[in-house]
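51 is the number of the first residue of the sequence shown in our numbering; add one for each residue after it.
Everything below concerns the one structure shown next.
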Amino acid sequence: SRKFFDGLGEYAVEHGAKGLAWVRVGEDGTLAGPIAKFLTETDIKTLTERLSLVPGDAVFFGAGEFDEVSKI
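What follows is the structure, encoded as structure tokens:
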């Protein structure tokens, strides 16, 4: 649910990230989430193929310094 993902974003910020964006894969294979509208068809194809995404998966994008974000 959106509340779950928002909670993860709050957790990330509390632990040093500048923010946490996400998309999830719907049953029809489309990506949904706050940043989905900013992804091009090429972005979506690349993410889907490289990460072997299937319905139910989620992808998180951490913002901030690499060392801080990678701890989360």
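The C-beta atom is built at its ideal place from N, Cα and C for all residues, glycine as well.
All values reported here derive from a predicted model rather than from experimental measurement.
Under the DSSP assignment, A62 falls outside any beta strand (DSSP E), being part of the alpha helix (DSSP H) whose first and last residues are R52 to E64. DSSP, read as helix, strand or coil, puts A67 in coil. Distance from A108 to K68 at the Cβ level is roughly 19 Å; contact not present, criterion being Cβ atoms closer than 8 Å. One alpha carbon belongs to K121, the other to F55, and they sit about 18 Å apart.
Within the model, the alpha-carbon separation for G57 versus V63 is close to 10 Å.
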